[in-house]
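Visitor: Can you read through this structure? Questions will come right after.
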Amino acid sequence: MTGPLSLTALADSVRSGARTSVDIATEYLDRIERRSDLGAFLAVDRARTLAEAVAVDARVARGESLPLAGVPVAVKDNIHAIGFPTTCASRILEGFRPPFDATVVEKLRAAGAVVLGKTNLDEFAMGSSTENSAFTPCRNPWANDRIPGGSSGGSAAAVAANLAPAALGSDTGGSIRQPAALTGTVGLKPTYGRVSRYGLVAFGSSLDQVGPMTRRVEDAAILHDVLSGHDPKDATTSARDHEPTAPRVRDGVRGLRIGLPDEYFGDAVDPEIRVSVENAGRALEAAGAVLKRVSLPHTPHAIPTYYIVATSEASSNLARYDGVHYGRRHPEAVDIASLFTGSRSAYLGKEVKRRILLGTWCLSSGFYDAFYDRALRIRSLLKADFDAAFRDVDVVLCPTTPTPAWRLGEKISDPVQMYVADILTGACNLAGIPGLAVPCGITERTGTRLPIGAQLMGPAWSESLLLRAGAVIEAACWDPSFVPSSGSAS
Amino acid sequence: MSTTLERWEPVIGLEVHVQLGTDTKMFCGCRNLFGAPPNALTCPVCLGLPGALPVPNRKAAELAIRFGLAVGGTIAEVTRFDRKQYFYPDLPKGYQISQDKGPIVTGGAVTTSFFGDGKTIRLIRAHLEEDAGKGQHEESGGSTLVDLNRCGIPLLEIVSAPDLRSAEDAWAYLNELRLTLRTLDISECDMEKGSLRCDVNVSIRPRGTIPFGDRVELKNLNSFRGVERAIRHEIERQAALLEAGGKIELETRLWDDEKGESRLMRKKESAPDYRYFPDPDLPPFAVGRAWVDRVAAEAPELPLKRLERYTSVYGLSDYDSKVLITDPSICRYFEETTALCNDPKNAANWITSELFGLMKGGVSIDDVKVRPTHIAELVALVKAGTLNVRSAREVLAKQYEDPRPAKEWVEKLGLVQVSDRDALVAIIRKGMEMNPKAVADLKAGKEKAAGAIVGYAMKETKGRGNPAILNEILAELLKTL
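Residue numbers (our numbering), protein chains in the order written: chain A, 5 to 494; chain B, 211 to 691.
What follows is the structure, given as structure tokens:
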């Protein structure tokens, strides 16, 4: 049996008439059904997806040129796709059906992609394990007693288990890269302003970006090229032209200067992960890159800064879920105050409430300067760190996560432990720069094989360089056609 | 009242919100209209649906800049939006996009040249924000309905310094502000439609002292007269309280215009913490010099500039000029008429004395059937000698009910001025025969005596005789005697 096809191979097979979009969608829908135990999807609608596939086949027959002809894509359930509900894995949005497509979904559909379903996440993308889903936890296809990471855990699990050839995730502090690393998939967090946020349900608006999650680096490049570009509906998107990255993804890394930031290889990082990422560095060196040590001195402040900025913005962004206009309303509300507090108390999850309270506190009169304002100042120091490093090197290479995937329930009662999982990914969002997670090795824990992810970060708009370096690591260290068998270790 | 004001000096500041007259809302493409069916003018952005994002309206920023330039304020080089956060059913995002730290306009002043004694009231700031929706409490069933048509309509909040010292000052300031905003096509400023809203801060201090007293904010003011009444009442309330040994507390009170009194809405301790922070969806934007210059070049004429032009170029009196200028629709009407007949003095006359005489009971000139073309035609007909003033007046009165062209009315009423010399000579001769005394007086140099003869001729011609020609004929005939 051959491994899963690349996006190019899938689209070619539809364009050439070898297969139909309907065949491909059916194949993936069948697999999703068989692996419902993973909890990767929150909404699947066979009839709807097949109808989309039929429409794509008709467009192909009419001779339309579609870069993603018939490619099924799973969409994280905090991104709007007409025809599917958007719940953000929260009870408060149960039953909400968006009246518009996110710009990214509009672009995917225009390119010939078919929406396969909506994937599981931590409620409102708040979490690092997908255990904060109000509906069902998601499991790691490498070991179903372990978490797939989060918050885009459903998208990561779906791609890792070959339930989708590609998925959309969103990344506020690592929510694409961390689950990609923990499931052996590729995840790209683009430069802030590269991809439209219109139709992505906001968590931390100054940090959020939508990005691709795929089996292969090249697939990520192809999807990234479709998603990128200015959107008149999102004032934070950049007006600059997007230069396609996919045509150059095999250009190699000869002469590229790659920095290894000391602070990202510290004691908090599992030794096997360090070794594996250093190994990826040697592969880049062998391909002609030059490795250098660099320093990002403010890195230890990234996590507290991130949690102040993200929760402050979240406390504001989530104020709209009040039971008045849409979503669920508490049935026993007797007046406006009990409508607001009743609905929010009953239908928002514990972690979401924790973050709203934290953010509300940080923005409160008398605390603003000590928290939010100070966080913004540290944020600019973190940016300056990267600016300085990128004067010496073109990109930096480091681990994506300090540990491999942990067991379900292991950290759920200790939020701070959970927050530390973002230690290597949060600074990238605060600086607004792009980050790519690419699998680079395997570690064994109590007899279970678990993937390790390397992380590449570069200056704003350097996605092309990251993808080129990622392709070199992939070629040297990883087999993208490998689909983990989903046994439990225990 | 007067004794209160002898002891106490009021210190008053106003916060005025005006809806900007843009085509579309502040952050989305929905139409900015009044009176549409509930929730007809909404979209995901102004409904605050999850995933929707705001995009600022450049035209709204331009109107704010236009205002800033008109009042001599400073236009921010970089302006930004902040979120003002509170929960209310008519606020679907749970926050209002406003400007806290980076208002588009700071400073500037309004001078009460048209409505007051020429006092200058400084402005602290003017900033852009979005309007909220409207809640409607149903009488039966106790439910509340929400209409979000108003949600997202651009507002300019104009905050005055505490420079006002009386209710009359506040009334004059409001009128002056409205005149500027309407003349510059920034806002309709119609309090009844809610396109102008006003909150008032009032404190009092013993006359001759400097420190401000604690202030009270008044809300729910629905007319300029209501603002005046509420301020007067508040001054008396505070004075009575202080004189009875009480203390003024920082609080917000709601004015009840029917009862003529206010009631407590909230004390300072329960004032909300709005948790302002920069809106991450809207990057700060630069207001370049070139943009400001273009806005300045495109802006309509200011009321004071216009006054100068009317008096010096048009030769109108200060009084007439002000009558025209203080109502921008009358002013527009006048300008149109003048453009058509090229006779500003007569145009002004016909509008302010004749037309106004016909308009009764608060009719707006925009609703009058007589249009500038009508007035211009009458002015021209009189000038050409086709109609005398009396006939023209008669035509205007007819046109006021039925605006057919003057020529039709002239024919119908038989009003064409008689300028046929031979016919008029015969009439004057007859008049002279019938008034020998007048003729004798005229010959003796008593010019007033002409009235009897010309009057007779006017009567004979049913008022259509051209008075200039009649006088001329009479003079000629006297010489031949």
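Backbone N, C-alpha and C define an ideal beta-carbon position, used for all residues, glycine too.
Round the Cβ separation of A/Thr249 and A/His228 to the nearest angstrom and send it over; I've been treating them as touching at under 8 Å.
Guide: Their Cβ separation, rounded to whole angstroms, is 6 Å, which keeps A/Thr249 and A/His228 in contact under 8 Å.
Visitor: Using 8 Å as the limit for Cβ to Cβ distance, is A/Pro251 near chain B?
Guide: It does not: the Cβ of A/Pro251 has no partner Cβ on chain B nearer than 8 Å.
Visitor: Report the rounded CA-to-CA distance for B/Pro220 versus B/Leu568, giving the unit in angstroms.
Guide: Approximately 42 Å, taken between the alpha carbons.
Visitor: With H, G and I counted as helix, E and B as strand and the rest as coil, what does DSSP make of B/Arg631?
Guide: Correct three-state label for B/Arg631: helix.
Visitor: Rounding to the nearest angstrom, what Cα-Cα distance links B/Cys253 and B/Cys240 in this structure?
Guide: About 7 Å.
Visitor: Listed in chain order, which residues of the stretch 198 to 210 of chain A have Cβ atoms closer than 9 Å to some Cβ of chain B?
Guide: Of all residues in the stretch 198 to 210 of chain A, Ser200, Arg201, Tyr202, Gly203, Leu204, Val205, Ala206, Gly208, Ser209, Ser210 have a Cβ within less than 9 Å of some Cβ in chain B.
Visitor: According to the Cβ coordinates, are A/Ile36 and A/Ala287 closer than 8 Å?
Guide: Going by C-beta atoms, A/Ile36 is not nearer than 8 Å to A/Ala287.
Visitor: In three-state terms, what does DSSP make of B/Phe544?
Guide: B/Phe544 falls in the helix class under three-state DSSP.
Visitor: So which residues of chain A does B/Gln295 contact, with C-beta pairs closer than 7 Å?
Guide: Ordered by position in chain A, the residues that pass the 7 Å Cβ test against B/Gln295 are Ser320, Ala323.
Visitor: Buried or exposed for B/Glu686, please, with buried defined as at least 16 other CB atoms from any protein chain shown within 10 angstroms of its CB.
Guide: Under this definition B/Glu686 is an exposed residue.
Visitor: Would you please verify whether the beta carbon of A/Asp238 is less than 8 Å from any beta carbon of chain B?
Guide: It does; some Cβ of chain B falls within 8 Å.
Visitor: Output, in chain order, the set of chain A residues within a Cβ distance shorter than 9 Å of B/Arg268.
Guide: Chain A residues near B/Arg268: none, gap ~12 Å exceeds 9 Å.
Visitor: Can you give me the C-alpha to C-alpha distance between A/Gly439 and A/Ala29, rounded to a whole angstrom?
Guide: Each residue's alpha carbon lies about 30 Å from the other.
Visitor: Give the residues of chain B in contact with A/Phe104, contact being defined as C-beta atoms less than 7 Å apart.
Guide: Within 7 Å Cβ-Cβ: Pro254.
Visitor: Per DSSP, what kind of secondary structure is B/Glu219 in: helix, strand or coil?
Guide: Strand.
Visitor: Do B/Leu406 and B/Val281 have their C-beta atoms within less than 8 Å of each other?
Guide: Cβ distance not < 8 Å, so B/Leu406 and B/Val281 don't count as in contact.
Visitor: Could you tell me whether any Cβ in chain A is nearer than 8 Å to the Cβ of B/Tyr383?
Guide: No - not a single Cβ of chain A is within 8 Å of the one on B/Tyr383.
Visitor: Which residue comes first and which comes last in the alpha helix (DSSP H) that contains A/Pro248?
Guide: From DSSP, A/Pro248 is part of no alpha helix (DSSP H); its letter is neither H nor E.
Visitor: Just to confirm my understanding: we take B/Pro494, look at its own chain, exclude 5 residues before and 5 after, and list those with CB closer than 6 Å. What are they?
Guide: These residues qualify, in order along the chain: Val288, Arg290.
Visitor: What is the C-beta distance between B/Pro364 and B/Glu386, in whole angstroms, given that I count them as a contact (C-beta under 8 Å)?
Guide: Not a contact, Cβ separation roughly 22 Å.
Visitor: List, from N- to C-terminal side, the beta strand (DSSP E) runs of 3 residues or more that fit wholly inside the stretch 341 to 410 of chain A.
Guide: As far as the stretch 341 to 410 of chain A is concerned, its whole beta strand (DSSP E) runs of at least 3 residues are 399 to 403.
Visitor: Using a C-beta to C-beta distance shorter than 9 Å, which residues of chain A count as neighbours of B/Gly261?
Guide: Asn82, Ile83, His84, Thr90, Pro102, Phe104, Ala106, Arg201, Tyr202, Gly203, Leu204, Val205, Ala206, listed in chain order.
Visitor: Below 8 Å between beta carbons: does that hold for B/Glu564 and B/Arg603?
Guide: Going by C-beta atoms, B/Glu564 is nearer than 8 Å to B/Arg603.
Visitor: State the beta-bridge partners of A/Ala441 as determined by DSSP.
Guide: Its beta-bridge partners are A/Gly191, A/Gln459.
Visitor: Say whether chain B places a C-beta atom closer than 8 Å to the C-beta of A/Ile360.
Guide: Output row for A/Ile360: interface = no.
Visitor: Of all Cβ atoms in chain A, is any one closer than 8 Å to the Cβ of B/Pro364?
Guide: With 8 Å as the cut-off, B/Pro364 does not count as an interface residue toward chain A.
Visitor: On the three-pair Cβ rule with 8 Å, is the stretch 446 to 461 of chain B touching the stretch 474 to 482 of chain B?
Guide: Verdict: yes, contact present.
Visitor: Decide if A/Val48 is buried, meaning its Cβ has at least 16 other Cβ atoms within 10 Å, or exposed.
Guide: With 16 or more Cβ atoms within 10 Å of its Cβ, A/Val48 is classed as buried.
Visitor: Sort out for me which residues DSSP pairs B/Glu461 with in a bridge.
Guide: DSSP lists B/Val426, B/Lys477 as partners of B/Glu461.
Visitor: List the residues of chain A whose Cβ lies closer than 8 Å to the Cβ of B/Asp292, in chain order.
Guide: Residues of chain A passing the Cβ test: none, with the nearest at roughly 10 Å.
Visitor: Just the C-alpha distance for A/Tyr196 and A/Leu386, rounded to the nearest angstrom, thanks.
Guide: Those two C-alpha atoms are separated by around 15 Å.
Visitor: Taking Cβ positions only, does B/Pro299 come closer than 8 Å to chain A?
Guide: So, interface residue.
Visitor: Taking the alpha carbon of A/Gly363 as the reference point, which residue from A/Ala314, A/Ala51, A/Asp238 has its own alpha carbon closest?
Guide: Among A/Ala314, A/Ala51, A/Asp238, the Cα nearest to that of A/Gly363 belongs to A/Ala314.
Visitor: In angstroms with no decimal places, state the Cα-to-Cα distance between A/Ile180 and A/Gly131.
Guide: Distance between the alpha carbons of A/Ile180 and A/Gly131 is about 12 Å.
Visitor: Could you give the uninterrupted runs of the alpha helix (DSSP H) lying entirely in the stretch 364 to 446 of chain B, keeping only those of 4 residues or more?
Guide: Entirely contained in the stretch 364 to 446 of chain B, the alpha helix (DSSP H) runs reaching 4 residues are, in chain order, 377 to 393.
Visitor: DSSP puts B/Phe487 in a beta bridge; with which residues?
Guide: According to DSSP, B/Phe487 bridges with B/Arg293.
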